[in-house]
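Structure first, commentary second.
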Amino acid sequence: MKKYCKIIYPIALLIWMSLIFYNSSLTATDSMSNTFFLTDWLGTIFVNSIFIKSDLFVTIIRKSAHFVEYFILGFLTIKSFRLYSKKNIILISLIFCIVYALTDEIHQIFVPGRAFMLMDVFIDSLGAFTAIILFRK
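All residue numbers for the sequence shown refer to the working numbering, where the first residue is 4 and numbers rise by one.
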C-alpha cells in the first residue's frame, strides 16, 4: 500500500489545491450562493430557526469552511511530504500551507467582489496546523 501512497497523496494534494483555487475564483455572489444553499438546507433541518437565518450563522458557516478546507490541505500536505522526507516535516508542512493560504487570499483580490482578509489566512493556517499536529506521526 505504501507504494501507492507515494502517488495517491501527492495527486490528492494537487487536486485539493485546485479545488481551493476554484472556490477562490468564484465571485462574491456565487460564493454567497453556495453558503446560502447550505444554510437553507440546515434551516429545513432545524425548522427555520432564527439563528439559522442570521448573519452570525452565515459567518460561522463561511469561516468553518475555511478551517475544514485547510484542515484537509494540512492532512494531505503532511502525508505527501512525509513520504519524501522526515526532517522538519511539521514546520515545512505548516509553512507550505500558510504560504498557500496567503497566495489564495492574494488571488481573491482579482476576483469580483472578493478581497484579501488576514483573518481568513489565520483561520486557514489554524485548520492546517490542527491537521498537521494530529497526523504528524
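Yeah, the Cβ is synthetic: ideal placement off N, Cα and C, and Gly gets one too.
Would you mind giving the Cβ-Cβ distance between Ile92 and Ile101, rounded to the nearest angstrom? I have them listed as a contact below 8 Å.
Actually they do not touch by this definition, with Cβ atoms about 15 Å apart.
On the three-state DSSP scale, how would you describe Pro115?
coil
Residue of Ser28, Lys66, Leu97, Thr30 minimising C-alpha distance to Ile136
Leu97
Using C-beta distances below 8 Å, list every residue in its chain close to Ser21, excluding the 5 sequence neighbours before and after it, in chain order.
none
Run of the alpha helix (DSSP H) containing Lys66, from where it starts to where it stops
58-85
According to DSSP, is Lys6 part of a helix, a strand, or is it coil?
helix
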